[in-house]
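Chains as they are written, first to last, in the numbering used here: chain Z, 7 to 262; chain S, 7 to 262.
We put the beta carbon where it would ideally sit given N, CA and C, even for glycine.
Source: prediction; values computed, not measured.
Before any comments, here is the structure.
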């Protein structure tokens with residue numbers, strides 16, 4: 007397909023690369039920041055623009071990959087009536103695209119992207135929604151070229167998936183940050199727990215996290231919990247986290 | 007070395023295996039539950055007992071690997087004055103072993119063990135403490151046979167390391183459990199976020215978790231945060247987690 011990318015962030019970058027690798031043609035990169043558009047266009051060997059009126063009408067698919075707040079403004083300025091316009095957001099409803107075209111959809115790749123680190127699209131689940139059977143089928147076909155896990159989902163399910171991803175991905179990364187701060191405050195290196203973090207994630211690839219739970223809370227080991235809270239007594243925030251998790255783990259593992 | 011294992015749980019099992027593989031001799035397994043002692047003894051091709059008086063005095067090293075609450079009672083009953091007695095707890099001080107012997111120490115492997123899943127000891131950081139230079143050096147030497155990351159640490163540092171491990175390992179696993187429950191409540195499969203969890207852990211093997219942070223909170227994307235909280239409005243617990251993390255991420259990433 008002939009594609010225009012609107013946005014030049016992490017998702018645009020990785021999706022653009024994956025589409026190009028699969029044989030699709032990236033006609034243009036649009037961004038409100040021309041330098042960013044040019045940078046991505048250079049990587050994808052295509053043209054760049056920051057003007058709505060300069061957006062080519064020669065493409066079949068227009069992909070808006072920008073922060074959630076910015077999607078609707080771009081969609082309102084995009085006039086591609088008979089073409090497919092989609093966004094890649096987990097949380098935004100499909101309907102914000104209605105002014106852009108009659109053929110709209112969502113194509114949400116569930117992964118934590120950073121520009122620096124290459125990702126293997128094939129393992130990334132892609133959630134797809136279309137306002138007509140025709141659009142949906144085109145997006146399913148496109149998804150299956152990039153990933154081996156493409157699922158049709160409505161907006162509520164997609165938003166739920168996004169929240170679950172924020173909890174399991176973003177929040178656990180923040181726990182790593184908090185743990186690193188604690189270690190560094192005691193002249194200990196974050197390297198000490200990197201293998202543990204790798205093993206924790208590896209474990210639940212095959213078993214259920216409920217069975218994988220270890221630690222003082224699931225054992226209801228009050229002595230250890232007390233000693234830990236004592237160590238954290240001057241760290242109000244960490245103590246709050248420790249208590250919330252400990253109570254939640256105890257409740258979760260003791261309810262019938 | 008000739009070794010007696012006291013305890014038959016996950017740590018005893020994996021440590022016993024690793025010691026045997028490194029050429030050490032496991033003389034005996036003691037557990038207050040004779041069946042458990044026998045089960046582990048069978049795996050290690052050695053003898054089992056549940057009696058304190060039947061513990062052999064022929065070993066050089068006695069390793070207590072039991073829940074933190076049970077260590078001191080076992081140490082008080084263990085009479086091995088001129089032998090080395092150690093425990094493997096991250097949180098318990100070395101001094102609880104004082105009645106067992108004059109040569110005491112701690113040998114704390116930092117990993118999440120489950121009996122079913124084999125672990126590669128070589129990547130597991132081991133924290134070592136001894137009450138004399140001689141004991142400490144023996145434990146450092148032993149540690150270096152099993153792992154490529156052996157560090158001397160005092161009790162406060164070891165406890166801090168344990169708390170950091172609980173936060174980064176046990177607590178993130180609980181986040182996976184909460185995310186799974188949310189997905190299942192909306193007829194979505196946990197498989198959808200397994201790759202994301204793998205990638206989140208893989209990312210911080212090479213970069214700092216502070217730099218790796220993604221998601222609506224670090225972008226301070228209020229619209230998305232609001233939509234997520236709306237989706238969680240009937241789930242008091244998850245909403246509490248979502249708010250605490252979101253506030254903490256915003257604060258962490260906006261402080262000077």
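Where residue i falls, given that 16 or more other Cβ within 10 Å makes a residue buried
| i | result |
| --- | --- |
| residue 215 of chain S | buried |
| residue 29 of chain S | exposed |
| residue 128 of chain S | exposed |
| residue 88 of chain Z | exposed |
| residue 124 of chain S | exposed |
| residue 17 of chain Z | buried |
| residue 81 of chain Z | buried |
| residue 226 of chain S | exposed |
| residue 179 of chain Z | buried |
| residue 59 of chain S | exposed |
| residue 213 of chain Z | exposed |
| residue 57 of chain Z | exposed |
| residue 193 of chain S | exposed |
| residue 249 of chain Z | exposed |
| residue 117 of chain Z | buried |
For residue i, three-class secondary structure by DSSP
| i | result |
| --- | --- |
| residue 99 of chain S | coil |
| residue 139 of chain S | helix |
| residue 93 of chain Z | strand |
| residue 12 of chain S | strand |
| residue 111 of chain Z | strand |
| residue 80 of chain Z | helix |
| residue 249 of chain Z | helix |
| residue 106 of chain Z | coil |
| residue 238 of chain Z | coil |
| residue 219 of chain S | coil |
| residue 62 of chain Z | coil |
| residue 145 of chain Z | helix |
| residue 257 of chain S | helix |
| residue 173 of chain S | helix |
Straight-line Cα distance separating residue j from residue i
| i | j | result |
| --- | --- | --- |
| residue 169 of chain S | residue 176 of chain S | 10 Å |
| residue 75 of chain Z | residue 259 of chain Z | 39 Å |
| residue 27 of chain Z | residue 94 of chain Z | 19 Å |
| residue 14 of chain S | residue 119 of chain Z | 43 Å |
| residue 151 of chain Z | residue 67 of chain Z | 15 Å |
| residue 10 of chain Z | residue 84 of chain Z | 11 Å |
| residue 65 of chain S | residue 8 of chain S | 5 Å |
| residue 173 of chain Z | residue 242 of chain S | 15 Å |
| residue 189 of chain Z | residue 101 of chain S | 23 Å |
| residue 184 of chain Z | residue 245 of chain Z | 11 Å |
| residue 205 of chain Z | residue 154 of chain S | 17 Å |
| residue 48 of chain S | residue 35 of chain S | 10 Å |
| residue 156 of chain S | residue 162 of chain S | 17 Å |
| residue 31 of chain S | residue 25 of chain S | 8 Å |
| residue 208 of chain S | residue 55 of chain S | 43 Å |
| residue 39 of chain S | residue 251 of chain Z | 31 Å |
| residue 195 of chain Z | residue 187 of chain Z | 10 Å |
| residue 69 of chain S | residue 99 of chain S | 15 Å |
| residue 239 of chain S | residue 92 of chain Z | 28 Å |
| residue 228 of chain Z | residue 78 of chain S | 15 Å |
Minimum Cβ-Cβ distance from residue i to chain Z less than 8 Å
| i | result |
| --- | --- |
| residue 233 of chain S | yes |
| residue 132 of chain S | no |
| residue 151 of chain S | no |
| residue 75 of chain S | yes |
| residue 215 of chain S | yes |
| residue 57 of chain S | no |
| residue 124 of chain S | no |
| residue 192 of chain S | yes |
| residue 94 of chain S | no |
| residue 10 of chain S | no |
| residue 38 of chain S | no |
| residue 255 of chain S | yes |
| residue 209 of chain S | yes |
Chain S within 8 Å of residue i, Cβ atoms only
| i | result |
| --- | --- |
| residue 89 of chain Z | no |
| residue 205 of chain Z | yes |
| residue 179 of chain Z | yes |
| residue 81 of chain Z | no |
| residue 227 of chain Z | yes |
| residue 175 of chain Z | yes |
Expected contact under 8 Å - CB spacing of residue i and residue j to nearest Å
| i | j | result |
| --- | --- | --- |
| residue 86 of chain S | residue 107 of chain S | 5 Å |
| residue 256 of chain S | residue 223 of chain S | 6 Å |
| residue 167 of chain S | residue 158 of chain S | Their Cβ separation, rounded to whole angstroms, is 12 Å, which puts residue 167 of chain S and residue 158 of chain S out of contact at 8 Å. |
| residue 143 of chain S | residue 109 of chain S | In fact, because the Cβ distance is near 12 Å, the residues do not count as touching under 8 Å. |
| residue 3 of chain S | residue 210 of chain Z | Nothing about residue 3 of chain S can be read from this structure; chain S reaches only from 7 to 262. |
| residue 234 of chain Z | residue 97 of chain S | 7 Å |
| residue 21 of chain S | residue 115 of chain S | 7 Å |
| residue 113 of chain S | residue 149 of chain S | 7 Å |
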